[in-house]
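Trainee: In our numbering, the protein residues as written are 12 to 96. Idealized CB from N, CA, C, for every residue including glycine.
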């Protein structure tokens, strides 16, 4: 699954176009490397997302094309949630 689609389906980022823009800005890392919007995500991969004042690290647990809002958090596990000053 493409990383921009995973970010949207998991509701880490609300819209796929916004997820693509964030990837293009180099603010998403996949296993320690800067990811492009078309990068493929696999189960077990670690994503680092730079939201500006916040850095979130998550591990991909499942891949699904569509999920209900209540089940979106089951797609990933939060490893770190850091505030940057």
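Skipping 5 residues on each side, what residues in its chain have a beta carbon closer than 7 angstroms to that of residue 45?
Mentor: Locating residue 45 in the chain shown gives position 34, counting from the first residue. So the list reads 37, once near-sequence residues are dropped.
Trainee: Which of the three DSSP states, helix, strand or coil, is assigned to residue 56?
Mentor: As a position in the chain shown, residue 56 is number 45, starting the count at 1. Coil at residue 56, not helix or strand.
Trainee: In the structure shown, what three-state DSSP assignment does residue 32 receive?
Mentor: Looking up residue 32 in the chain shown gives position 21. Three-state DSSP puts residue 32 in a helix.
Trainee: Where does residue 111 land, buried or exposed, given buried means 16+ other C-beta within 10 angstroms?
Mentor: The structure shown has nothing for residue 111, since the chain only spans 12 to 96.
Trainee: Using C-beta distances below 6 angstroms, list every residue in its chain close to residue 73, excluding the 5 sequence neighbours before and after it, in chain order.
Mentor: Counting from 1 along the chain shown, the entry for residue 73 is found at position 62. Excluding residues within five positions, the ones whose Cβ falls inside 6 angstroms are 86.
Trainee: Which complete beta strand (DSSP E) runs does the stretch 63 to 94 hold, if anything under 3 residues is left out?
Mentor: 65 to 71, 87 to 94, all fully within the stretch 63 to 94.
Trainee: Chain C beta carbons: is any one of them nearer than 8 angstroms to that of residue 96?
Mentor: Of the protein chains in this structure there is only one, and it is not chain C.
Trainee: What does a CB cutoff of less than 8 angstroms around residue 49 pick up in its chain, not counting 5 residues either side in sequence?
Mentor: On the chain shown, position 38 is the one that residue 49 refers to. Around residue 49: 13, 14, 15.
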